[in-house]
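Beneath this line is the structure, given in structure tokens, with notes to follow.
There are 2 protein chains.
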Amino acid sequence: MGTPEKLTIDDVAKYCGCSRATVSRVMNHDKRVRPETAEAVEAAMEKLGYHPNSMARALSAGKTNTVAVVVPEKWQEQPYYIKLIDAIEDVADSRGYNIILKRRKYIDSVSELVNRKQVDGVIFRNMEETGKELALYGKMERMGLPFILIGKPVSTYPFIKVDNVGGARAVASYLAEEGYKKILFIKGPELHVDSIDRLAGLKIGLSEKGFNLDNLFLSDGDYSTESGYHAAKEYFAKNKADAVFAANDRMALGVLLYCRENGIKVPEELGIVGFDDNFFAEYLTPSLTTVKPPMYEIGIVAMESLIRMIENSERPNIRVILPAELIIRESCRAGMKPDKKT
Amino acid sequence: MGTPEKLTIDDVAKYCGCSRATVSRVMNHDKRVRPETAEAVEAAMEKLGYHPNSMARALSAGKTNTVAVVVPEKWQEQPYYIKLIDAIEDVADSRGYNIILKRRKYIDSVSELVNRKQVDGVIFRNMEETGKELALYGKMERMGLPFILIGKPVSTYPFIKVDNVGGARAVASYLAEEGYKKILFIKGPELHVDSIDRLAGLKIGLSEKGFNLDNLFLSDGDYSTESGYHAAKEYFAKNKADAVFAANDRMALGVLLYCRENGIKVPEELGIVGFDDNFFAEYLTPSLTTVKPPMYEIGIVAMESLIRMIENSERPNIRVILPAELIIRESCRAGMKPDKKT
DNA sequence: CTGAAAGCGCTTACAG
DNA sequence: CTGAAAGCGCTTACAG
């Protein structure tokens, strides 16, 4: 049972008739302890119900076994962040780490965690970094505190990202092979690197399938559902297309809403493809064909890499790009354009 | 700029020509420091770029300013947990706390956090607690470590929960007032307290509107989409109803899928109501009428209560029930049953 | 209002 | 393989 009195390492040492140093070594699996001694100490810790104080340990060892994970403000819109965090936690738990979650709006607190030596490292979901992020990255580098970016790379810092080009290329191949002839791409905010990569991947994929890029049209959007709706409205007022590829799922949803309002049948008259595999994608009617970023894998790799940096104090040049998967659902499925097949 | 060398409280003291104790008092806003002294110390900390070491502070003060938040295994199915966590973080940040996130599967790690004095308190999302949870609750109580349960109450521990009875009662009033005459309720897993409360609220609400409970029918489910689908299939094979109230949104979705497959028009021929305001509810076609639990408010109250317990070492008898809101959408909207109105 | 000193509970060279 | 001792960087009675 163990009485609720506070036990310290000295109590264990006294009980075992050894020194505090030896108990410490046993806890830290130091090879230099005689096996019998180690066993005795372990038995004592068990018997007494002793648990080392994390704060004392962290103070003297200079290591907290805690990392911070910084997610975007509106991670709610993208529940795949849950998968990311699950992955990070899975690795963390198996390696004895804990994770402190922070939204980007509390970046100043993250900075304080760093200043106060409260974390061994940080995983940042980096999108469009501001001066604050850059200052923090710089500070951490100077301090020698490991961190890793998920998403947009910055400078030469370690990063892990989704293969946006490859994902869009897969969409392109699919559309071309299915015989779609006129495609509208709805862009994200100007200069947003993901959108740029997705468009690039689309062009590469279409080109290599012999698709004439004159039949690829571009519209501006800002990732919001509304912008997708308006892009569709504006475009279809004067033009036609048999497929729309939106740079993200929310804009694809906007297109779908436009079609529903205007009696355009999806996928019969128009194929719609998004990107992100947003949480609602499978629940829409029709369900949305999209590209799924490997969030779980990203989390695993991110945390494993971070731990490696922390424990080996090596600064490996981590630059990882993980493939995204095309998820075919009803909004753009095979065989809807058989008549137009080449 | 500040050189990257490690500054300690002694450096600040030396710089100010005062003692380490005084610097400490200034950091902790101790009233007993002369204002001029305090100012000088603060200026020095600023100038030197000093930041106190959290671990040292935690060790000597016996307080970590960290709390753990335990969420269910499959919190991914219920992104309203993001709102809960956001709320907890909002309060935490403003009060200088950090949160360590843990899924229930890692309850053993939570136990270790407690044993090792790594957290000042814990917020548990409690559903159907196992022996492990009970043991941990008991241990924390014995240690005098504050914790609070969200959801199902246990023993006399502090808890915060949704008013399931009231939410379902609102649904009942609405259905009765709209003139629905024959209602099917799909239950959750046997003995699940939320489902029981929702059914109770439904009965109360219907009764007080003069609805004859002989026209309320019950079906078994287990909260899964499939169970909702099958409950509908089984029931409608031999019976009729003009409204279905499912104990959660996923089962309501199952009913909706059944209707779609069998050409039953929603809401024209059948009204469907769920519970939870699950993330997909607004994206379904038709969008789902449901009851929205006040997750953000729950998070706020939970964290504020926990901090109060931590900082005042009072053990207030916290038992809070927060109201849930009926969200009327397309699947069961006003005026669909005008012919049947009493 | 301020300081000297003990203490929080560990880890880790250093010696042996 | 083991121990004595210093040290990690704070907080907090205790005295004044």
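Here the protein sequences come in this chain order: G and W.
In this text, residue positions in the first sequence follow the numbering used here: the first is -6, and each later residue adds one.
In this text, residue positions in the second sequence follow the numbering used here: the first is -6, and each later residue adds one.
A virtual CB, placed ideally from N, CA and C, is assigned to each residue, including glycine.
Under a criterion of Cβ atoms nearer than 8 Å, the residues of chain G adjacent to residue 82 (chain W) are, in order, 94, 95, 96 and 99. Look at residue 109 (chain W): its C-beta is under 9 Å from a C-beta on chain G. One alpha carbon belongs to residue 250 (chain W), the other to residue 242 (chain W), and they sit about 12 Å apart.
Its chain contains 284 and 317 as the residues whose beta carbon lies nearer than 6 Å to that of residue 160 (chain G), once the 5 sequence neighbours on both sides are disregarded; these appear in chain order.
Residues of chain W whose Cβ lies closer than 8 Å to the Cβ of residue 46 (chain G) are, in chain order, 52, 109 and 110. For residue 129 (chain G), the closest Cβ of chain W is not nearer than 9 Å.
Excluding sequence positions up to five before and after residue 103 (chain G), its CB lies within less than 8 Å of the CB of 61, 63, 95, 115 and 129, all in the same chain and listed in chain order. Note that the C-beta distance between residue 210 (chain G) and residue 222 (chain G) is not below 9 Å.
For residue 191 (chain G), the enclosing alpha helix (DSSP H) covers residues 186 to 201.
For chain G, none of the residues of the segment 140 to 156 of chain W brings a beta carbon within less than 8 Å of one of its beta carbons.
Look at residue 277 (chain G) here: in three-state DSSP terms it is coil, with no helix or strand label. Contact between the segment 28 to 37 of chain W and the segment 265 to 284 of chain W is absent: fewer than three C-beta pairs spanning the two stretches fall below 8 Å.
For residue 260 (chain W) and residue 133 (chain W), the gap between their C-alpha atoms comes out near 50 Å. For residue 314 (chain W), the uninterrupted beta strand (DSSP E) run begins and ends at 312 to 315, by DSSP. Residue contact check for residue 72 (chain G) against chain W: a CB pair falls below 9 Å. Among the residues of the segment 256 to 278 of chain W, those with a Cβ less than 8 Å away from any Cβ of chain G are 272, 273, 276, 277 and 278, in the order of the chain. Bounds of the alpha helix (DSSP H) holding residue 30 (chain G) are 28 to 41. Remark: C-beta atoms of residue 293 (chain W) and residue 84 (chain W) approach each other more closely than 9 Å.
When the alpha-carbon of residue 230 (chain W) is set against those of W:212, W:204 and W:245, the nearest one is in W:212.
Under DSSP, residue 236 (chain G) takes part in a beta bridge, and its partners are G:176 and G:264. Taking 9 Å as the cut-off, the Cβ atoms of residue 300 (chain W) and residue 118 (chain W) do not count as close. The CB of residue 76 (chain W) comes closer than 9 Å to the CB of 69 in chain G, given here in chain order. If you check the CB distance, residue 194 (chain G) and residue 158 (chain G) come in under 9 Å. Of all alpha-carbon atoms in W:82, W:255 and W:270, the one lying nearest the alpha-carbon of residue 263 (chain W) is that of W:255. At the C-beta level, residue 100 (chain G) and residue 67 (chain G) stay beyond 9 Å of one another.
Remark: fewer than three beta-carbon pairs, one from each stretch, lie closer than 8 Å, so the segment 184 to 191 of chain G and the segment 5 to 20 of chain W are not flagged as touching. Counting only runs of 4+ residues, no alpha helix (DSSP H) is found wholly inside the segment 202 to 230 of chain G.
Residue burial is scored here from C-beta neighbours: residue 15 (chain G) has at least 16 other C-beta atoms within 10 angstroms and is therefore classed as buried. In the DSSP assignment, residue 60 (chain W) is bridged to W:92 and W:114. Nearest CB-CB separation between residue 205 (chain G) and chain W: not below the 9 Å threshold. Taking 9 Å as the CB threshold, residue 282 (chain W) stays off the interface with chain G.
The alpha-carbon of residue 21 (chain G) is positioned some 21 Å away from that of residue 110 (chain G).
Taken residue by residue, none of the segment 313 to 325 of chain W has a beta-carbon sitting less than 9 Å from a beta-carbon on chain G.
When the alpha-carbon of residue 174 (chain G) is set against those of G:234, G:91 and G:304, the nearest one is in G:234.
When beta bridges are read from the DSSP output, residue 282 (chain G) appears opposite G:266.
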